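Working notes for the structure below.
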Amino acid sequence: MLHCSRVSSTGRSRWLCLRLALVATSACSPHVGQPGPEPIRVFAASSLTEGFTALAQAFEAAHPEERVALQFAGSQSLRLQIEQGAPADVFASANEAHVRELVRDGTVVAPVAFATNRLAIVVPADNPAGVKTFDDLASAQRIVVGTEQAPIGAYTRAMLRNAEPRLGASRAAMVKRHIVSEEPNARLVRAKVELGEADAAIVYETDARSAKRARTIDIPDDINVEATYFVGAVAGAERRKGVESWIHFVRSEQGREVLQRHGFRGSE
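In the working numbering, the protein residues as written are -16 to 251.
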């Protein structure tokens, strides 16, 4: 027991005594110095950044014994990292293709759909190319899209194929000629517009919604495409119980509500 004998009447002495008592009490606490559980390591598509960050906060609040470590990048980059042995417990992809490849070699098990998204155009706040509708896209001299390997790029190409009858052969060809950069994930696509390096870019609706220095141009429903997100456990994940809890939470009513607040749509 800590004794504070001959304590002077000054406030400083009383404060020092109290501080020593608190230190002594903390040193006796059974939790001090004991590490918590290893985090659930979630590799997620970059377009999930805001949604999964909020989801992790809600999950940890509901499961105080758990922690979530998030890593974001293009789905194709995350898939490659997992194939090369990166320490991941969960993979959340912006399309089924990259998950399917990991399922095929036994690296990811039992993936399920959990959300959908759609595409939108973003332009700089000052909109120098005057793009006001989708039909104006051909007037943009510097267009940025995702690479063909990235889900955002694959969805963009599907949408542009749908748009060819609407734009006409000459304007559809012009859009393709005006593509000046292809980026590995939707966040980098959007960044080109926010940095003033592009007149227009094609991103997910959720990325357009969270843009700080860009305005959004809607893509007509009849040519837009639906992006479906999948989540699955990585085979051999060390935190199997935590992983199952996380995936269940993502698909729960509370999880869907969190994602919908960040612009994602539900999945059947």
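Just so it is clear, CB atoms sit at the ideal spot from N, CA and C, and this is done for glycine as well. All of these numbers come straight from a predicted model, not from anything done at the bench.
Nearest to residue i (by Cα), restricted to the options the options
{"i": "I200", "options": "V214, R101 and G34", "result": "R101"}
{"i": "G215", "options": "T32, R87 and E48", "result": "R87"}
{"i": "P70", "options": "A80, T189, I23 and T32", "result": "I23"}
{"i": "P203", "options": "A146, R170 and A210", "result": "A146"}
{"i": "V110", "options": "V241, A184, F35 and E66", "result": "The sequence given here has Asn at residue 110, not Val. Minimum Cα distance to N110 is reached at A184."}
{"i": "A137", "options": "E21, N78, F55 and S250", "result": "N78"}
{"i": "R62", "options": "I230, V51, L53 and T90", "result": "T90"}
{"i": "P47", "options": "I230, E166 and G225", "result": "G225"}
{"i": "S164", "options": "A156, A181 and P148", "result": "A181"}
{"i": "A52", "options": "D190, A112, E240 and W229", "result": "W229"}
{"i": "G264", "options": "G219, D205 and G249", "result": "Because the chain spans -16 through 251 in this model, residue 264 falls outside it and cannot be assessed."}
{"i": "V73", "options": "P94, E84, A80 and R83", "result": "P94"}
{"i": "E66", "options": "V176, N168 and H81", "result": "H81"}
{"i": "M142", "options": "E240, V208, A37 and E21", "result": "V208"}
Euclidean distance between Cα positions of residue i and residue j
{"i": "P134", "j": "A45", "result": "31 Å"}
{"i": "E236", "j": "E227", "result": "16 Å"}
{"i": "F232", "j": "K159", "result": "41 Å"}
{"i": "E49", "j": "S60", "result": "26 Å"}
{"i": "I162", "j": "R223", "result": "44 Å"}
{"i": "A197", "j": "F247", "result": "19 Å"}
{"i": "G34", "j": "S76", "result": "13 Å"}
{"i": "L150", "j": "L31", "result": "31 Å"}
{"i": "P107", "j": "G179", "result": "7 Å"}
{"i": "A39", "j": "E84", "result": "26 Å"}
{"i": "A123", "j": "A98", "result": "31 Å"}
Simplified DSSP assignment, three categories, for residue i
{"i": "Q40", "result": "helix"}
{"i": "N110", "result": "coil"}
{"i": "Q17", "result": "No answer about Q17 holds up, because its pLDDT of 40 lies below 50 and its placement is not dependable."}
{"i": "I135", "result": "helix"}
{"i": "L102", "result": "strand"}
{"i": "R248", "result": "strand"}
{"i": "S122", "result": "helix"}
{"i": "P94", "result": "strand"}
N- and C-terminal bounds of the beta strand (DSSP E) containing residue i
{"i": "R198", "result": "A197 to D201"}
{"i": "E180", "result": "Segment: none, E180 is in no beta strand (DSSP E) and carries neither H nor E."}
Residue i, enclosing alpha helix (DSSP H) - first and last residue
{"i": "S153", "result": "A152 to R160"}
{"i": "L85", "result": "E79 to R87"}
{"i": "D190", "result": "E188 to R192"}
- Task: Could you name each continuous beta strand (DSSP E) segment of 3 residues or more that falls completely within the region 206 to 236, going from the start of the chain to the end?
- Result: Correct list: 209 to 217.
- What runs of the beta strand (DSSP E), each 3 residues or longer, lie entirely inside the region 23 to 73? Listed in chain order, the complete beta strand (DSSP E) runs (minimum 3 residues) inside the region 23 to 73 are 23 to 28 and 51 to 56.
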